[in-house]
Amino acid sequence: MGAANHEFVGNKTTTGERTMMKQMKLMAALAVMLVGSALVANATVVFEADFQGSAAGASNLLNATVVDRNAILDNGTSVGSWDDNDSSVNMLYEIAADETTNKVMVFSSVDNTPNVADADFSSSVSLAGNELVVGWDWMHTDEGGGGSGQAIIQLLDAADAVVTAVVWQDGGALTVDGVNLGVFKRELLGTPSTVLSTNNWNPLAMELVMAADGLQVSVGGTVQTNLAGTFNEVAALRFKSLSNRSYSQGGMWIDNIQVESVPAASASVVLDPSTQLNISLDAPNSTAVETVDASFFYGPGSNDVDITSVSFSALSHGAGSFACTNGFPVSLTSPSPAFESLGIQFDNAVAGLSHAETATGTIDVHWTEIGSGVTNSTALSVAATYNDTPATFVFGQTTVSLVAAAPNTAATGTVTVAYTESTALKTNVVITGISFTNTTASVFSGASTNLPLTIMNPSPETDTISIAFDVSGMVSGDTATGNVVVTWNEVGDATQYQSLLPIHAAYYDLTPGSGAIANKGTTFPTNNIVFESRPPLGNKGITVRRHGVYDASGYSKVGQEIKGSALSAGNSEFDSIYLKMRQGQSFENASGANQLQMWFGKINETTGGTNETLAIETFDCVGKSFTKNRYYQFSFSDAVDFEPTNLASNEAYAIQLWFTTDDPDNVIQFWCGATNIIAGGLHEEVDVTSMDAAFPMSMSSNRVENADLHFALANSAGTSIPDIGNISVEIDGTNIVMGWTGEAGTDYLMLKTDDLVEGLWTTNVIPGEDGQMSVTNDTAAPKLFYRVIVE
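The sequence shown lines up with residues 6 to 796 when you count with the working numbering.
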C-alpha cells in the first residue's frame with residue numbers, strides 16, 4: 006500500500022497531537038508533497054465536522070425529532086451530512102461547549118442500546134487508485150458507578166456494511182479490527198455530571214489511512230500498526246456508545262472529524278540510511294566501501310521497480326571520489342521490508358584527503374516502476390572521512406622533579422614513557438635521543454639510558470628513561486629548569502619526532518641541626534607546660550613531608566596559629582615544643598638530608614603575614630627512631646619569649662614546621678585535633694614549590710578552622726635529668742641482664758652494637774620505673790657493646 010503525507014483544512018485550530026500526526030511520513034513512502042497548509046494535489050474532502058455552528062445545550066437534542074437532531078448536527082458540519090437511523094430517545098447526543106465556546110459532540114445511551122448516528126460522506130470513496138484519510142479527536146466520560154462501556158467508530162460502505170471498526174473500552178484498551186493497540190486513557194472525570202472546560206478537554210488524536218491493500222493506524226501522532234487487507238469502498242462513519250449512564254455522565258465526546266480522499270501514490274523507493282551515508286577510511290588503505298539498502302512500496306499497479314543507475318553530484322573533492330560498485334539494472338521484486346544493497350565506494354587516491362578531512366557529496370539513485378516509462382530519482386547525502394592518526398608519544402608524568410641535598414652532589418629521576426600506535430603503521434616506537442632545551446643551567450643529562458631504546462608495545466604498556474641532575478657550580482637554594490627533549494620515530498618510518506617534558510631541579514645545603522629531640526613516652530607531660538592546645542581526637546593527622554616529585558605539592562609546610570582567650574593565663578617563656586607522633590618512622594639508617602625545621606613568631610591575624618620571627622630551629626632526624634603515639638620534645642637552643650598579653654591588636658602567635666628529606670619514603674606525621682577549643686585558633690597546610698622557598702611562610706587569610714595541631718609549649722629550664730645509678734650487668738646463660746636505678750615518667754634508650762668503630766647502634770625504648778630496673782637481652786653474639794641514655 007502506498008501512502009502520502011496529508012494535511013487537513015478546516016475552520017478551527019486542531020490539537021497538538023493532530024498537528025504532529027499530519028506532519029508524519031505515513032508508510033515511509035513520500036510521493037505527493039504539501040505546500041504550506043494546502044491539501045495535497047487532487048485531494049477531496051468528503052466529510053468535515055467541528056460542531057462550531059451547532060447550538061450547545063444539555064437538552065436541545067434529547068427531545069428533538071430525528072429531523073431536528075440531524076439539522077442541529079448539520080449546522081456544525083461543513084462537508085457531508087448526518088443520518089439518525091433510529092428515532093428512539095435512548096439514542097442520545099448533545100452539543101457541549103467549554104467556557105471559550107469550543108464545541109464538541111457527546112454520544113451516549115442510557116440502556117446500552119448502541120446505535121446512535123451515521124455521518125454520510127458527500128460522496129462514496131473508491132479505494133481503487135485512492136487512499137482514504139480519516140481523523141478525529143475523542144475522549145471518554147467516566148462517572149462513579151458507571152460510564153461509557155465502549156466508544157465505537159465504524160467505517161461503512163454504501164450498503165452500510167462495516168468495512169473496519171475502532172473500539173475504545175472505558176478502561177482505555179484500544180483495538181482496530183480486533184488488533185490491540187494498547188491502553189490509551191483520556192477520561193473526562195466528574196460527579197455528578199461532567200462539564201466540558203478548557204482544563205479537562207485533552208483528547209486522543211486518531212488517524213486512519215486506508216488503501217486498497219492495507220490500513221495504517223496512528224494514535225497521538227505515532228504510527229501504531231499497519232494492517233494488511235482488501236478494501237474497496239467507504240461511504241460513511243457510524244458512531245456508537247454503550248453506556249449505563251445518562252448522556253451527560255457516560256459516553257463518547259468527539260470533535261474535529263475530518264475525512265478526505267487522496268489519489269494513491271505511485272511506487273516509491275526508500276533508502277537506508279535515509280539521511281546520510283557515512284564512510285570511514287583508515288590508512289594505509291586508499292578505498293573503503295559501505296552499503297545503502299534500497300527497498301520500495303507498491304503503487305496502485307503493484308508493479309516492481311528497477312534501479313537503472315547511480316550517479317553522484319555536489320562532490321567536494323572531484324569526480325571519481327565516489328562510485329557505485331553494482332551492475333545495473335538492480336531489480337527490486339519484493340516490496341519492503343525486502344531490499345537490495347548498493348555498494349558505495351570512496352577512493353582517496355582521487356580525493357587526496359589528509360588525516361581527519363572529509364569529502365562530501367550526494368548519491369542520486371535513479372529508478373523506474375516497471376511499465377511506467379518514467380525515471381525517478383531518490384537522493385542521499387554521503388560523507389567520507391580519512392583516518393591517518395599518527396603515533397603519539399606519552400609521558401607518564403607532567404614534569405620531572407629532581408632534588409639534591411648536601412652532601413649529595415647529584416640526583417637521578419625516572420620518567421615513564423609510552424606511545425599510542427598510528428592508524429597506518431601500527432608498529433613500535435624507537436627513542437633515538439635525549440636532549441635538553443631552554444635550560445637555565447647546564448646541569449641535566451640523559452643519565453644511563455641506553456639508546457636507541459625500543460618501546461615494544463603501545464600504551465598501557467610502558468618503559469622508562471633516566472634523567473640526571475648534577476649540582477656542579479650551584480649553591481644552596483639554586484634551582485634549574487628546562488625541557489627534556491625525547492627524539493623518536495616509528496619502526497619503518499624514518500620521520501623523526503620530538504616530545505618535550507618540563508624539568509625542574511633544586512640544590513639545598515641544609516644547616517646542621519642543632520635542636521635536641523627527646524622521646525617522652527605515651528603520657529603527655531604535665532610539668533612546666535606553658536601552653537597546651539588540646540588532646541588528639543579522631544583519626545586526624547597533619548603530614549609534613551616531601552612527596553618525592555617536584556611539583557606544586559612537592560614540599561609541605563604546616564602552620565598553626567595561636568590566639569584567643571585561652572592565652573590570658575599570663576606571660577612566660579618556653580624552650581621546647583611537645584608533639585605527638587601520628588605514625589612511626591625510623592631514620593636510624595638514613596643518610597643525606599632528613600631535617601625538621603621549626604619557626605615560632607608573630608603573624609598578622611588578618612593577612613597571615615609574618616610580623617616578627619622569635620625563633621628558628623633545625624632538628625636533624627638521622628639516627629632517630631619515632632614511635633607511633635609517643636610524645637616527643639623538640640628543644641630550642643635558647644628560650645623563647647611567650648607574652649600573649651602583650652600581643653598587638655590583630656596579632657597572633659604561630660608555629661610553622663617544614664620537613665626536608667632526600668628520600669620520598671621518609672615522613673614525619675603529627676597528630677592534630679578534630680575540633681577547635683582555642684578561640685579563633687586556625688591551622689593551615691600549604692604547599693610550596695621548592696625547598697628554597699621563603700621560611701617562614703605567609704599563612705594567607707583563608708586558614709582552615711577546627712583542625713588544630715596537637716602541641717604544647719614547655720619550659721624545661723631548671724628541670725633536672727635523673728641520674729642513672731646502681732648499674733649492674735649479669736650473664737645468665739645466653740642472656741645478658743642489665744639493671745639500673747630508674748625514675749617513672751622518664752624513657753631510657755638502650756643502644757647496642759657489635760662494633761664500636763664502624764657498627765650501627767640499634768635502639769630499644771625502655772619506659773622508666775621508680776627503683777631498680779632490670780632488662781634481659783637474649784643474644785648469642787660473641788661480643789656486644791651497650792649504652793643507656795636518659796631520653
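The beta carbon of each residue, even a glycine, is placed where N, CA and C say it ideally should be.
Indicate whether at least one CB of chain B lies closer than 9 angstroms to the CB of residue i.
| i | result |
| --- | --- |
| E212 | Any reference to chain B falls outside this structure, which holds one protein chain only. |
Report yes if the CB atom of residue i is closer than 9 angstroms to the CB atom of residue j, and no otherwise.
| i | j | result |
| --- | --- | --- |
| I368 | A384 | yes |
| T784 | I741 | yes |
| A521 | A485 | no |
| H145 | A133 | no |
| A473 | T417 | yes |
| A170 | L160 | yes |
| W141 | L193 | no |
| A210 | V188 | no |
| V489 | P507 | yes |
| A389 | E426 | no |
| Y513 | A415 | no |
| A241 | D125 | yes |
| S128 | V214 | no |
Hey, how far is the Cα of residue i from the Cα of residue j?
| i | j | result |
| --- | --- | --- |
| L179 | K190 | 9 angstroms |
| G58 | N237 | 33 angstroms |
| T404 | L761 | 45 angstroms |
| F56 | G304 | 36 angstroms |
| S202 | T106 | 9 angstroms |
| A166 | L282 | 49 angstroms |
| G526 | R635 | 5 angstroms |
| T230 | A76 | 37 angstroms |
| D88 | P340 | 41 angstroms |
| V793 | L754 | 6 angstroms |
| L430 | S291 | 14 angstroms |
| G773 | W766 | 21 angstroms |
| G81 | A299 | 47 angstroms |
| L337 | T492 | 59 angstroms |
| Y555 | A452 | For Y555, the predicted structure reports a pLDDT of 29, less than 50, and the residue's modelled location is therefore unreliable. The matter cannot be settled from this model. |
| P289 | Q600 | 59 angstroms |
| T666 | N392 | 50 angstroms |
| V275 | E136 | 20 angstroms |
How would you call residue i, buried or exposed, if buried means at least 16 neighbouring beta carbons within 10 angstroms?
| i | result |
| --- | --- |
| E99 | buried |
| G747 | buried |
| I736 | exposed |
| N261 | buried |
| G613 | buried |
| I470 | buried |
| L565 | Strictly speaking, residue 565 in this sequence is Gln, with Leu absent from that position. The residue is buried, with at least 16 neighbouring Cβ atoms inside 10 Å. |
| A164 | exposed |
| G730 | exposed |
| P342 | exposed |
| L714 | buried |
| P787 | exposed |
| L789 | exposed |
| M778 | buried |
| A557 | Because the pLDDT at A557 is just 34, under 50, the model does not fix this residue reliably, and the value given afterwards should be weighed accordingly. With fewer than 16 Cβ atoms within 10 Å of its Cβ, A557 is classed as exposed. |
| V310 | buried |
| F400 | buried |
For the alpha helix (DSSP H) holding residue i, just list the boundary residues, first then last.
| i | result |
| --- | --- |
| V800 | In this structure the chain extends from 6 to 796, so residue 800 is not present and cannot be described. |
Please list the terminal residues of the continuous beta strand (DSSP E) segment that includes residue i.
| i | result |
| --- | --- |
| A1 | Since the first and last residues shown for the chain are 6 and 796, residue 1 lies out of range. |
| N792 | Reading off the sequence, residue 792 comes out as Arg, not Asn. Here the beta strand (DSSP E) through R792 covers 790-795. |
| L78 | Taken as a continuous stretch (DSSP letters only), L78 belongs to no beta strand (DSSP E), being part of the alpha helix (DSSP H) at 71-80. |
| M215 | 209-216 |
| W372 | 363-374 |
| R191 | Taken as a continuous stretch (DSSP letters only), R191 belongs to no beta strand (DSSP E), as it is neither H nor E. |
| S300 | 292-302 |
| Q503 | 502-513 |
| C329 | 327-329 |
| S273 | 273-277 |
For this session: Determine, using beta-carbon pairs with one atom in the segment 255-271 and one in the segment 337-350, whether at least three such pairs fall under 8 angstroms.
Result: no
For this session: Give a yes or no on contact between the segment 580-596 and the segment 632-647, applying the rule of three or more CB pairs nearer than 8 angstroms.
Result: yes
Exercise. For the segment 313-322 against the segment 411-424, are there 3 or more C-beta pairs whose distance is under 8 angstroms?
Worked result: no
Exercise. Counting Cβ pairs, one atom from each stretch, are 3 or more of them under 8 angstroms apart for the segment 589-598 and the segment 616-627?
Worked result: yes
Exercise. Should the segment 600-615 be called in touch with the segment 656-664, which here means at least 3 C-beta pairs below 8 angstroms?
Worked result: yes
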